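In terms of the working numbering, the sequence shown is residues 393 to 715.
Every residue, glycine too, gets a C-beta built ideally from N, C-alpha and C.
Just so you know, these numbers come straight off a predicted model, no measurement behind them.
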Amino acid sequence: MKHWVAKKLICPDCLPEEIPLELFSRQEASDDIIEGELKCPACGRGYPIRNRIARVRPQKAPWIQSANSGKNGYNAPLMLSAYLWSHFGDLLEDARATDAYRIWSNSFQPTRGDALDIGCAVGRLCLELSKNHDRVIGVDTSAAFIAKAKEIICRRELDFDLIVEGHLTQKHHLKFKKGWHFDNVDFIVADALSLPFRRHDFASVAAINILEKVPEPLRHLAEVNRVLRPEQSMFLFSDPFSWDEAFSAPERWLGGGNNGSSPYSKRGIDTMRRLFAGEFGVFDPPLEIASQGDVFWKIRKTENLWEHITSQFLLGCRRINSG
Ligand SMILES: C[S@@+](CC[C@H](N)C(=O)[O-])C[C@H]1O[C@@H](n2cnc3c(N)ncnc32)[C@H](O)[C@@H]1O
Numbered sequence: 393m394k395h396w397v398a399k400k401l402i403c404p405d406c407l408p409e410e411i412p413l414e415l416f417s418r419q420e421a422s423d424d425i426i427e428g429e430l431k432c433p434a435c436g437r438g439y440p441i442r443n444r445i446a447r448v449r450p451q452k453a454p455w456i457q458s459a460n461s462g463k464n465g466y467n468a469p470l471m472l473s474a475y476l477w478s479h480f481g482d483l484l485e486d487a488r489a490t491d492a493y494r495i496w497s498n499s500f501q502p503t504r505g506d507a508l509d510i511g512c513a514v515g516r517l518c519l520e521l522s523k524n525h526d527r528v529i530g531v532d533t534s535a536a537f538i539a540k541a542k543e544i545i546c547r548r549e550l551d552f553d554l555i556v557e558g559h560l561t562q563k564h565h566l567k568f569k570k571g572w573h574f575d576n577v578d579f580i581v582a583d584a585l586s587l588p589f590r591r592h593d594f595a596s597v598a599a600i601n602i603l604e605k606v607p608e609p610l611r612h613l614a615e616v617n618r619v620l621r622p623e624q625s626m627f628l629f630s631d632p633f634s635w636d637e638a639f640s641a642p643e644r645w646l647g648g649g650n651n652g653s654s655p656y657s658k659r660g661i662d663t664m665r666r667l668f669a670g671e672f673g674v675f676d677p678p679l680e681i682a683s684q685g686d687v688f689w690k691i692r693k694t695e696n697l698w699e700h701i702t703s704q705f706l707l708g709c710r711r712i713n714s715g
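The following block contains the structure:
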């Protein structure tokens, strides 16, 4: 973990109090802490740094284990292969690749300040955001995804195995182009529901295809509001709204029909528009919708097994805070 990231971190277990973590470094190379610990001076909890990666997730978060485990969990080799293709398939010059990450990142204006990508997976959007932000942090609860993302910024090239079928894999190598500012990007393991960052620390926040994957979608959005600057800031939200009881209880969904007593709209994108406008008190100040649309995105699980996904996006802006 880079030193500039350590300076931003607070204790996720002490939220809503924002207690800065203290760094105890044991081994470093250049600006990167290889081994060490982050410690909370208030609750005494320690968060390890191993192999250059800090794990700053709360102690009690059983949803992390359930999202990551099993053959289709986010730590599984199948998912690593699937997301590496999704994020970097265009650089393999695979004609079936989409340009989803470029579309998402192009919606951001060049901005002074830092960006945060929540649920960053193997990090493509963070690399793109490094072109128009001072610094970028990607957070994810999958240690396997974060390890690969970190390897990319350290080596500036990538070796990986794509699953063809079953245990048959095909090796790939990518050397990354100029234009991404690798030194200004870093990745940590952290939870979207207890972000280890101070209030108003980020000029831009992205939350792409994660809303339906967390047990408390509204709490995730409240965390976005907490860390996003109250003025001169942007929030890029995108989701297919494929609500799934395996991740969240239907009464917590922000769309998908609900029942007659739900305060939310039947369609998730309509609820999100209302939330951006300040309804339900989550986004304060509200976000003005600067652009919106559909992004076509694919996940390649094996050579013959694909998921085709339409992700609906809203880019919300806060300009000058009149309050
Ligand atoms: C559907 S994937 C989307 C990944 C990436 N944003 C993209 O669009 O390519 C959902 C991501 O959210 C991560 N995730 C799930 N629950 C999370 C949580 N509570 N906090 C942070 N990340 C989480 C998963 O590990 C996975 O990388």
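**Prompt:** Looking at the structure shown, is C709 part of a helix, part of a strand, or coil, going by DSSP?
**Reply:** Assignment of C709 by DSSP, reduced to helix, strand and coil, places it in the strand class.
**Message:** If we require 3 or more residues per run, which beta strand (DSSP E) segments fall completely within the stretch 610 to 647?
**Reply:** Correct list: 625 to 631.
**Message:** Quick check: does the Cβ of N601 come within less than 8 angstroms of any heavy atom belonging to ligand 1?
**Reply:** True, at least one ligand heavy atom lies under 8 angstroms from that Cβ.
**Prompt:** Hey, A647 and D662: beta-carbon distance below 9 angstroms or not?
**Reply:** Note that residue 647 corresponds to Gly in the displayed sequence, not to Ala. Yes, these two residues count as a Cβ contact at 9 angstroms.
**Message:** Less than 8 angstroms separating the Cβ of W455 from some heavy atom of ligand 3?
**Reply:** Ligands present in the displayed structure are limited to ligand 1, and ligand 3 is not among them.
**Request:** Kindly examine ligand 1 and report whether one of its heavy atoms sits closer than 8 angstroms to the Cβ of H479.
**Result:** Yes, since a heavy atom of ligand 1 falls inside the 8 angstroms radius drawn around the Cβ of H479.
**Request:** Starting from the Cα of D553, find the closest Cα among P607, M471, S461 and G436 and give me that residue.
**Result:** For the residues P607, M471, S461 and G436, the minimum Cα distance to D553 belongs to M471.
**Message:** Excluding the 5 residues flanking R719 on each side, which residues of the same chain have their C-beta closer than 8 angstroms to its C-beta?
**Reply:** Only positions 393 to 715 of the chain appear in this structure, which leaves residue 719 out of reach.
**Item:** Option in L550, L679 and I456 with minimal Cα separation from D583
**Value:** Selected option, being the one with the closest Cα: I456.
**Message:** Beta-carbon within less than 7 angstroms of P440's beta-carbon, same chain only, minus the 5 sequence neighbours each way: which residues are those?
**Reply:** Excluding the 5 residues flanking it on each side, P440 has same chain C-beta neighbours closer than 7 angstroms at E429 and R447, in chain order.
**Asked** Is the closest heavy atom of ligand 1 to the C-beta of G462 under 8 angstroms?
**Response** Incorrect: G462 has no Cβ contact closer than 8 angstroms to ligand 1.
**Request:** Inspect the beta-carbon positions of C709 and L667 and report whether they are closer than 9 angstroms.
**Result:** Taking 9 angstroms as the Cβ cut-off, C709 and L667 do not qualify as a contacting pair.
**Asked** Excluding five sequence neighbours on each side, which residues of the same chain lie with their C-beta closer than 7 angstroms to the C-beta of P502?
**Response** A distance below 7 angstroms between beta-carbons, with the five flanking residues on each side excluded, links P502 to the following residues of its chain, in chain order: N524.
**Prompt:** Counting Cβ pairs closer than 8 angstroms, one from the stretch 555 to 568 and one from the stretch 507 to 518, do we hit at least three?
**Reply:** Taking one beta carbon from each stretch, the stretch 555 to 568 and the stretch 507 to 518 have fewer than 3 pairs nearer than 8 angstroms; the two do not touch.
**Asked** How far does the beta strand (DSSP E) with I681 in it reach, from first residue to last?
**Response** Where I681 is concerned, the enclosing beta strand (DSSP E) starts and stops at E680 to T694.
**Prompt:** Do the stretch 479 to 488 and the stretch 601 to 613 meet, that is, are 3 or more Cβ pairs less than 8 angstroms apart?
**Reply:** In short, these stretches do not touch, since the Cβ pair count stays below three.
**Prompt:** Is the stretch 592 to 603 in contact with the stretch 611 to 625, if contact means three or more CB pairs nearer than 8 angstroms?
**Reply:** These segments touch.
**Prompt:** For E725, which of R591, M626 and N467 has the nearest alpha-carbon?
**Reply:** In the structure as shown, the chain begins at 393 and stops at 715. Residue 725 is therefore absent and cannot be evaluated.
**Message:** Our contact map puts L508 next to Y493 with C-beta atoms below 8 angstroms; I'd like the distance itself, whole angstroms only.
**Reply:** Separation of the CB atoms of L508 and Y493 is rounded to 16 angstroms, and the pair is thereby denied contact status at 8 angstroms.
**Message:** H612 and I600 - do their beta-carbons sit closer together than 9 angstroms?
**Reply:** The Cβ atoms of I600 and H612 lie no closer than 9 angstroms to each other.
**Straight-line Cα distance separating P433 from E414** = Across the structure, E414 and P433 are spaced so that their CA atoms are roughly 7 angstroms apart.
**Message:** Restricting to Cα atoms, I'd like to know which of Q704, T702 and I691 is closest to N464.
**Reply:** Sorting Q704, T702 and I691 by C-alpha distance to the C-alpha of N464 places I691 at the top.
**Prompt:** Terminal residues of the continuous beta strand (DSSP E) containing E427?
**Reply:** E427 -> beta strand (DSSP E) spans D424 to K431.
**Message:** Please report the distance separating the alpha-carbon of S630 from that of L707.
**Reply:** Straight-line Cα distance between these residues: approximately 9 angstroms.
**Asked** How close, in whole Å, do the beta carbons of L521 and F500 come, if the pair is a contact with beta carbons under 8 angstroms?
**Response** About 7 angstroms; that satisfies the 8 angstroms criterion.
**Boundaries (first-last residue) of the alpha helix (DSSP H) holding L470** = P469 to F480 is the span of the alpha helix (DSSP H), which, as asked, contains L470.
**Prompt:** CB N460 to CB A535, shorter than 9 angstroms?
**Reply:** Contact flag set, yes.
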